[in-house]
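Number of protein chains: 2
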Amino acid sequence: MATLKCPAHAPPPSEDAEQLRKAFEGLSSSLSNFNPFSDHFRLVIDTESYGKQMLPFAGWGTNEQMIIDILAYRNAAQRISIRKAYSEAYGEDLLKALEKELTRDFERVVLLFTLDPAERDAHLVNEATKKASSSSWIIMEVACARSSKELHAAKKYYHARYKKSLEEDVAHHTSGDYRKLLVPLVSAFRYEGDEVNLSLAKSEAKILREKISTKHYNDEEVIRILSTRSRAQLNATFNQYNSSIGNAINKDLKPESKDEYLKLMRDVIKCLTTPEDYFEKVLRQAINRIGSDDTAIIRVVATRAEVDMVRIKEAYQRRNSVPLEKAIAGDTSGDYKRMLLALIGAGDV
Amino acid sequence: MATLKCPAHAPPPSEDAEQLRKAFEGLSSSLSNFNPFSDHFRLVIDTESYGKQMLPFAGWGTNEQMIIDILAYRNAAQRISIRKAYSEAYGEDLLKALEKELTRDFERVVLLFTLDPAERDAHLVNEATKKASSSSWIIMEVACARSSKELHAAKKYYHARYKKSLEEDVAHHTSGDYRKLLVPLVSAFRYEGDEVNLSLAKSEAKILREKISTKHYNDEEVIRILSTRSRAQLNATFNQYNSSIGNAINKDLKPESKDEYLKLMRDVIKCLTTPEDYFEKVLRQAINRIGSDDTAIIRVVATRAEVDMVRIKEAYQRRNSVPLEKAIAGDTSGDYKRMLLALIGAGDV
Chain A
42 MATLKCPAHA PPPSEDAEQL RKAFEGLSSS LSNFNPFSDH FRLVIDTESY GKQMLPFAGW
102 GTNEQMIIDI LAYRNAAQRI SIRKAYSEAY GEDLLKALEK ELTRDFERVV LLFTLDPAER
162 DAHLVNEATK KASSSSWIIM EVACARSSKE LHAAKKYYHA RYKKSLEEDV AHHTSGDYRK
222 LLVPLVSAFR YEGDEVNLSL AKSEAKILRE KISTKHYNDE EVIRILSTRS RAQLNATFNQ
282 YNSSIGNAIN KDLKPESKDE YLKLMRDVIK CLTTPEDYFE KVLRQAINRI GSDDTAIIRV
342 VATRAEVDMV RIKEAYQRRN SVPLEKAIAG DTSGDYKRML LALIGAGDV
Chain B
42 MATLKCPAHA PPPSEDAEQL RKAFEGLSSS LSNFNPFSDH FRLVIDTESY GKQMLPFAGW
102 GTNEQMIIDI LAYRNAAQRI SIRKAYSEAY GEDLLKALEK ELTRDFERVV LLFTLDPAER
162 DAHLVNEATK KASSSSWIIM EVACARSSKE LHAAKKYYHA RYKKSLEEDV AHHTSGDYRK
222 LLVPLVSAFR YEGDEVNLSL AKSEAKILRE KISTKHYNDE EVIRILSTRS RAQLNATFNQ
282 YNSSIGNAIN KDLKPESKDE YLKLMRDVIK CLTTPEDYFE KVLRQAINRI GSDDTAIIRV
342 VATRAEVDMV RIKEAYQRRN SVPLEKAIAG DTSGDYKRML LALIGAGDV
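Protein chains in written order, with the numbering used here: chain A, 42 to 390; chain B, 42 to 390.
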C-alpha cells in the first residue's frame, strides 16, 4: 500500500512539464540579481537546499514548492509522461534540468523519486558498486525487496544504461562471503506463486539448522536456499525451523559477536519475509543516529512511497510509539522535509 | 542462419490444424482393422515409428508424411498459431494429440520441435534435472547457447509451468563443482552489446591464467568471469589469453586426465564463443557412437534448426568431409529420418 497521493484528475503531462519549466525559470530569474560565478552564489544555493530559508527574496521557495506539488503527486507512469513531454518541449531531459536547479538532499530525493523504478534500482546498484559504505545493503534491498519482474526490469535497464550487466558489476566489486551471498541474490528470478512444498520446507529447515548450529553461515546450501526459493516457500521453511527448533532463524543467526555478514544475512531474511519491518528498522536507525543518515531516509522514502509505505509507517508507529511523519519532520527541514512528508502521505501536516 | 524452410504463403493456421486432424484420423481409421488392445498392435506401432515400413496397408506413411509436411515447415510463431487453432477447433492440445499418435524417436523430434522455444528450453532443463546422464550438458546448452532474452523467456515459462524457478531446480538437483558452475550460468542475464573493455580483458585473462596454471579450475573468480561477462567481453578476454600466453584457453583446460568437469568447462567456453563448433561436436559424437545417440541428435536439430543450423552444417562438413545430411540419412530411417532431414533443410534429398 502506497502513501503516494495522486490527484483524481492530474493535469496533462505537457502542462506539468510547462509548470516545471516555469519553476526553473522563476528560479533563474530570481537569481539574475546575483553574479552566478561568485562563491557566494554557490553557498546560498547550498544553504537554501538545506531549507534554512536564509534567502531574502520572495518567489524562491514558491518555485521549489511547485516542483514538490507536481512531482511528489504523480505516479511512475505519469512521471515518465512528464519527462517525455518536457524533453519534447524543451529539448532537455527533466532529470538534467532538476540536477542543474536543485542541490543536496532536496535534489537527491526529487531526482531519485522522479526516476522510473527500474532506472532508480539500476542507478542505486551502480552507485553501490562504486562505494564501500552500506553498499551491500543497498544491493541486497534491490535483490530481495523487489518482485522478480521489477528486479528483471532493473537488469534490463542496467544493460541499456551501463552497457554491462548488473550481476557482473556486483560480482566484480564484491568479494569473500559478501560476494557469495549477493551475486546469487541479484541473479535470482524467483517463482512468485503461493504453492508450497511442505516436505521440502521440512528438509530445508533441517539443512539450515545443521549449518547454522555448526556456524557454517556461508555454506553453499544455506545460500542456495536463501537465493533460489520463492518467498512463500521460504516462509514455510522458516516456520518449520521455528516450530521444530523452537527458535526463530534470525535469533539463531545472532551470536554475541557483531558480525556484519550475519547482520546482512538476517536482513536478507527480513527483507524477503517482512520487508516493512526491515525498512522500519532502516528508517529508525537513520533517524536516531547522531546527524541523521539522510541517504538512507531518502532511499527508503523514494523507493517505498509507491509500494508499501503505509505498512512501513504502521510498523514505525508500533515500534517507536511515534508517527513516522513526526520523526521525519523533527529530523529534517525546508523543501527537503516538505518533499519527504509529501511522499509519505503527510504533505499537509 | 536457420535451415528451417517456410513456404512463402503458408496456409492459414486453421487449415493446418484441420490437415493435422485428418492425419490423426487417417491413422486411427487405418488402425480400425486391428484390435487396439492386442500386444501385436503396440508392437506394430513401435516398429513403424522406427520407419522400417513393415506395415502392409496404404495411408499409414502418408499420414505421418502429412505431419512432417506441415510441422517441419512452419516457424515458431506459425506453430503457436496452429496449436491455438487446433485447440479451438478440437478442444485438445495439439501436443497431446501428437503424443497419442506418434511414438519413439519420431514422436520426440516432432514434439520437441513443435514446442515454442521457451517452452522447449524449460522442458529440456526440467527433464535434465530429473536424470543423471548428460544432464549437465543440456543445462549448460540452455544457459550458454541462448540469448539473454531467450534464456529469460525460458525462466518465465518455467515459473508458469512448473510452479517454481528454473534456477532452484538446477541448484537443488546438482552438487559440487557442477552446481558451482551451472547455477551461475543459468542465473545469468548477460549484457549483449559489442562494447569491450580491453584493460578488463587483460586483467581477467591474467586471473584466468593464474587460476588455470595452478589447477584452481573451480575457483570463484574463474566462475564469476565465465558466468557474468558478455560474449563480446569474453571473446576479448580469451583473445588476450591466447596472445599473451601463447595458448588457447581450451588447450590449457585439457590436462591428461579425462576430467568431466573440465570437459564441461571447455564446452561452456565453446558454447559461448563458437556455438556452431560446439553443436557440430555434439552431432559428430552422437552419430559416430555405436548405436547412435538419438536424444542428442534430436535435441540439436530441434533446438538449432531455427537458429544456426546452416553454420552447424558448414562446421560439420569442414570437420568430417561429409555433409551432415548424408551422415544423418545413413544413421537413421523412416519418418524419423524424414523429419530430421526436413528440419536441416534437406527434406527433398
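Heads up, the beta-carbon is just placed ideally off N, CA and C, and yes, glycines get one too. Nothing here was measured: the structure is a model prediction, and the numbers come from that model.
With DSSP as the reference, label A/G67 as helix, strand or coil.
Here A/G67 sits in helix by DSSP.
Determine whether the beta carbon atoms of B/L152 and B/L139 lie at a separation below 7 Å.
Yes, the pair counts as a contact, with Cβ atoms nearer than the cut-off.
Does the beta carbon of B/S73 sit closer than 7 Å to a beta carbon anywhere in chain A?
Confidence at B/S73 is low in this model, with a pLDDT of 44, below 50, so its placement is unreliable and the value that follows should be read with caution. So, not an interface residue.
Under DSSP, the alpha helix (DSSP H) around A/T155 begins and ends at which residues?
Counting along the chain, the alpha helix (DSSP H) containing A/T155 begins and ends at R145 to T155.
Rounded to the nearest angstrom, how far is the Cβ of A/Y219 from that of A/Y302, given a contact under 8 Å?
About 7 Å separates the two Cβ atoms, so the contact holds.
Please report whether the beta-carbon of A/A212 lies at a distance below 7 Å from any beta-carbon of chain B.
Output row for A/A212: interface = yes.
What span of residues does the alpha helix (DSSP H) with B/C47 cover, start to end?
No alpha helix (DSSP H) holds B/C47; DSSP gives it neither H nor E.
Specify the secondary structure class of B/L382 as computed by DSSP and reduced to three states.
Three-state result, B/L382: helix.
With a CB to CB cut of under 7 Å and the five nearest residues on each side skipped, what residues in its chain are close to B/A194?
Correct list, in chain order: A159.
Quick check on B/R379: buried or exposed, where buried means 16 or more other Cβ atoms within 10 Å of its Cβ?
So B/R379 ends up on the buried side.
With distances taken between CB atoms, is the gap from B/V323 to B/V309 smaller than 7 Å?
No, they are not a contact pair.
Go ahead and pull the three-state DSSP assignment for B/T373.
It is coil, neither helix nor strand.
For the alpha helix (DSSP H) holding B/A138, just list the boundary residues, first then last.
That run of the alpha helix (DSSP H) goes L135 to E142.
Going by beta-carbon coordinates alone, are B/L365 and B/Y357 separated by less than 7 Å?
In this structure, B/Y357 lies closer than 7 Å to B/L365 by Cβ.
Please classify A/E56 as buried or exposed, where buried requires at least 16 other C-beta atoms within 10 Å of its C-beta.
The residue in question, A/E56, is exposed, as its Cβ has fewer than 16 Cβ neighbours within 10 Å.
Between A/S244 and B/V166, what straight-line distance do the alpha-carbon atoms span, to the nearest angstrom?
In a straight line, the C-alpha of A/S244 is about 23 Å away from that of B/V166.
Let me know if B/S271 comes out buried or exposed under the rule of 16 or more other beta-carbons within 10 Å of its beta-carbon.
Flag for B/S271 reads buried.
Taking B/V227 and B/I180 to be in contact with their CB atoms under 8 Å, please state how far apart those CB atoms are, rounded to whole angstroms.
6 Å between Cβ atoms; contact.
Cβ of A/R187 less than 7 Å from any chain B Cβ?
Not an interface residue.
Going along the chain, which residues of the segment 211-236 of chain A sit with their C-beta nearer than 8 Å to a C-beta in chain B?
The residues in question are A212, H213, R220, K221, V224, P225, S228, A229, F230, R231, Y232, E233, G234 and E236.
Please tell me whether B/H257 has its Cβ less than 7 Å away from any Cβ of chain A.
So no, B/H257 is outside the interface.
Using the C-alpha atoms, what's the distance from A/D349 back to A/L294?
Roughly 27 Å separates the two Cα atoms.
Should B/N74 be labelled buried (16 or more other beta-carbon atoms within 10 Å of its own) or exposed?
In this prediction, B/N74 scores a pLDDT of 43, lower than 50, which makes its location untrustworthy; the coordinate-derived value is nonetheless stated afterwards. Looking at its Cβ environment, which holds fewer than 16 other Cβ atoms inside 10 Å, B/N74 is exposed.
Quick check on the burial criterion: 16 or more other C-beta atoms within 10 angstroms. Buried or exposed for B/D146?
By the 10 Å Cβ count, B/D146 comes out buried.
Quick check on A/L239: buried or exposed, where buried means 16 or more other Cβ atoms within 10 Å of its Cβ?
It is exposed - the Cβ of A/L239 has fewer than 16 other Cβ atoms within 10 Å.
Give the residues of chain B in contact with A/R270, contact being defined as C-beta atoms less than 7 Å apart.
What A/R270 touches in chain B: E209.
State the start and end residues of the unbroken alpha helix (DSSP H) segment that holds B/V309.
E301 to T314 is the span of the alpha helix (DSSP H), which, as asked, contains B/V309.
Are the C-beta of A/H164 and some C-beta of chain B separated by less than 7 Å?
It does not; no Cβ of chain B falls within 7 Å.
Quick one: residues in its chain with C-beta nearer than 6 Å to the C-beta of B/A186, no 5 flanking neighbours on either side, listed in chain order?
Same-chain partners within the cutoff: C312 and P316.
Rounding to the nearest angstrom, what Cα-Cα distance links B/F154 and B/N104 in this structure?
Taking the straight line joining both Cα atoms gives about 18 Å.
Using a Cβ-Cβ cut-off of 7 Å, state whether B/R62 counts as contacting chain A.
By this cut-off, B/R62 is not an interface position.
Just list the beta strand (DSSP E) runs in the segment 332-370 of chain A, keeping only unbroken ones of 3 residues or longer that don't cross its boundaries, in chain order.
Correct list: empty.
Anyone know if the C-beta pair for A/A383 and B/T269 falls short of 7 Å?
For A/A383 and B/T269, no; Cβs fall outside 7 Å.
So, B/I353 versus B/E321, is the Cβ gap smaller than 7 Å?
In contact: B/I353 and B/E321 (Cβ atoms closer than 7 Å).
Go ahead and pull the three-state DSSP assignment for B/P52.
It is coil, neither helix nor strand.
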